[in-house]
Structures are given as C-alpha cells and as structure tokens.
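Sequential numbering of the sequence shown, starting at 16, is according to my numbering.
For every residue, glycine included, the Cβ atom is placed at its ideal position computed from N, Cα and C.
Nothing here was measured: the structure is a model prediction, and the numbers come from that model.
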Amino acid sequence: MEEGMSRQATAMRALGISPRRSGEVLAIVSHDLRTPLSTIALGTTLLEDASQPEADRTHVIEIIKRAADRMERLIKDLQEVGRLDSGRTLRVDARRVDLAALLCEACEALYVQAGPKGLQVSCDLPDLPITVCADPDRICQVLGNLIGNAIKFTPRGGRVTLAARREGREVQVSVTDQGPGIPPSDLGSVFEPYWQAPGTARLGAGIGLKIAKGLVEAHGGRIRVESKVGVGTTFAFTLPVAD
C-alpha cells in the first residue's frame, strides 16, 4: 500500500502537481479512465453471449474500439503534459501547409459539433491561402481543443466564432464563445494542467489547454486568453507565416 502511494506521489511530482492537489488530480484521471474501461468490460460481457445477433455484436465491437481509443488519447495527453513539465518541447512534424484550408475544415467540424447543441456558428476566415510552416495534425489538435471547449461552455442558443487574420509576418487565429467567462483572478491559471473553470461541472481531465499551449509554442507561436464574466471567452494563437 505504502509503496503504491509512493509511486503515485512520484508520478504527480513528475507532472508538476503539488501534493495538496495530487488527490484531486488522481481522482480526475481515474474517473476519465474508468468510464471507457467500464464500457469495454460491459461490451466484453455482451460479446460472450453467443445468442447475440451478428449485427449487434459488430456494433458492440465498434463501441469497444471507441472506448479504447479514448483511453489511448488520455494516456497520450498525460505523457505530453509530463514532457512539457519536464522542460521538453512537444514534437511537431512541420512542413509548408495552407492554414486557410485547415481552418475551413475546422469550420465545417464546428458546424457539425454545434448543431446538436443548438448553437450558432460564425466563421470569419481568409479568402486567400496563407502558407505556414506547421504540423497540420498538431494544428488541428489545437483547433479541436479550443473549439471543443467553446462548445462545452456555450449555452444552447449561444454563438461560437472561429476567426483568422494575417498581421504582418504572422497569422492570428481565435475561437470565441458566449460561455460564463473566466474571472480575472483565474486567467493566469487557465493553461495549468487540470485547471477547471470555477462553478462548472468537471469537463475532462483539464489538460487540453496545457497541451495546446505547448503545441503553439513548439511552432514558434503564442497563445493568450481574454475573458469577461457573463459575456464569454476568446482564445487566440499566432503562427509565423512561411517565407
């Protein structure tokens, strides 16, 4: 027992988490892993029933695969946070890409995700290509995180806006929501691992923004947040334009 607790404490320190918060963080991570693990266990039990129709068995297998994918993503995210907190840079495979095309794809995904929640969507994107030296998968990861958070926090009927504009030798991309907003006293903690917005239900492990910041900085960019309580929040990041 004592040895197990010691290993947990060591892992928390490696992630830059104070002993005071380690219990809270461990509970969050355990919950996020337990949910897909329970899905896999239940699915396996259902597959043991030989009387299940083949179509139902195929559906259960797909559910199990998605649950396993969620577990794998969380574990990878935890590894990335550990890499950042040890002072290392996240790996990116940068090449010349059209950022405008990536943003158009992100806008299409935003419409799809916002629909079931009854949200309005605005996309103010450049008409012309903007070439940047970037890892397209990693930039999509950043956009997916910012858009996902905006959708989570915006109430039904609210608006989420994706915008981009070129400013000299860099391009700025922003995602704005109409959520509850973040108090000024908490803005400095937004990019800390496992930070949760005050007064909101726990939404994930709270590590996505930490990773987004690390990815933007690995591309030579910057990320910032502006928020007003009762109005909403804007996350904006920059990327250098390729020569």
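*What residues are listed by DSSP as bridge partners for glutamine 187?*
Counted from its first residue, the sequence shown places residue 187 at position 172. Answer is Arg180, Thr253.
*Straight-line Cα distance separating leucine 105 from alanine 129*: Counting from one through the sequence shown, the residue named residue 129 turns up at place 114. Counting from one through the sequence shown, the residue named residue 105 turns up at place 90. Roughly 30 Å separates the two Cα atoms.
_Using 8 Å as the threshold, is the C-beta distance between alanine 115 and leucine 143 below it?_
Reading the sequence shown from its first residue, position 100 is the one you call residue 115. Reading the sequence shown from its first residue, position 128 is the one you call residue 143. The Cβ atoms of alanine 115 and leucine 143 lie closer than 8 Å to each other.
*Find out if the Cβ-Cβ distance for the pair leucine 140, alanine 165 is shorter than 8 Å.*
Translated into the one-based positions of the sequence shown, residue 140 becomes position 125. Translated into the one-based positions of the sequence shown, residue 165 becomes position 150. No; because the gap between Cβ atoms is not below 8 Å, this pair is not in contact.
*Just the C-alpha distance for aspartate 113 and threonine 249, rounded to the nearest angstrom, thanks.*
In the sequence shown, counting from the first residue as 1, residue 113 sits at position 98. In the sequence shown, counting from the first residue as 1, residue 249 sits at position 234. The C-alpha of threonine 249 is placed about 23 Å away from the C-alpha of aspartate 113.
*Starting from threonine 146, follow its DSSP beta bridges and name the residues at the other end.*
By 1-based counting over the sequence shown, the position of residue 146 is 131. Partner(s): Asp113.
*Which residues DSSP lists as bridging cysteine 138, in chain order*: The residue labelled residue 138 in the question sits at position 123 within the sequence shown. Residue pairing by DSSP places cysteine 138 opposite Leu177 in a beta bridge.
*Could you tell me whether the Cβ atoms of arginine 237 and valine 246 are closer together than 8 Å?*
Locating residue 237 in the sequence shown gives position 222, counting from the first residue. Locating residue 246 in the sequence shown gives position 231, counting from the first residue. Their beta carbons are not under 8 Å apart, which means arginine 237 does not touch valine 246 by this criterion.
*Alpha carbon to alpha carbon, how far is glutamate 95 from leucine 118? Give it in angstroms, no decimals.*
Sequence index remark: in the sequence shown, residue 118 carries index 103 (1-based). Sequence index remark: in the sequence shown, residue 95 carries index 80 (1-based). Those two C-alpha atoms are separated by around 24 Å.
_C-alpha gap between arginine 81 and alanine 251, whole angstroms_ = Residue numbering aside, residue 81 sits at position 66 when the sequence shown is read from its first letter. Residue numbering aside, residue 251 sits at position 236 when the sequence shown is read from its first letter. Using only the alpha carbons, I get a separation of about 31 Å.
*Per the contact definition of three or more C-beta pairs closer than 8 Å, is the stretch 189-196 in contact with the stretch 145-152?*
Contact between the stretch 145-152 and the stretch 189-196 is absent: fewer than 3 CB-CB pairs across the two stretches fall below 8 Å.
*Use the C-beta contact count for aspartate 92: other C-beta atoms within 10 angstroms, 16 or more gives buried, fewer gives exposed.*
As a working mapping, residue 92 is identified with position 77 in the sequence shown. The residue in question, aspartate 92, is buried, as its Cβ has 16 or more Cβ neighbours within 10 Å.
*Taking the C-alpha atoms as reference points, what is the distance between valine 240 and glycine 183?*
Indexing the sequence shown from 1 puts residue 240 at position 225. Indexing the sequence shown from 1 puts residue 183 at position 168. Rounded to the nearest whole angstrom, the CA to CA distance from valine 240 to glycine 183 is 21 Å.
*Can you tell me where the alpha helix (DSSP H) with isoleucine 154 in it begins and where it stops?*
By one-based count along the sequence shown, residue 154 stands at place 139. For isoleucine 154, the enclosing alpha helix (DSSP H) has its first and last residue at 151-168.
*Per-residue DSSP class, three states only, for glycine 130*: Stepping through the sequence shown from its first residue, residue 130 is reached at position 115. It is helical.
_Three-state secondary structure assigned by DSSP to arginine 237_ = For the purposes of this step, residue 237 is identified with residue 222 of the sequence shown, where counting begins at 1. Coil.
*Secondary structure at threonine 104, three-state DSSP: helix, strand or coil?*
Here residue 104 is taken as the residue at index 89 of the sequence shown, counted from 1. In the displayed model, threonine 104 falls within coil according to three-state DSSP, outside both helix and strand.
*Distance, Cα to Cα, leucine 48 vs alanine 109?*
Along the sequence shown, one-based indexing puts residue 48 at 33. Along the sequence shown, one-based indexing puts residue 109 at 94. Taking the straight line from one Cα to the other gives about 31 Å.
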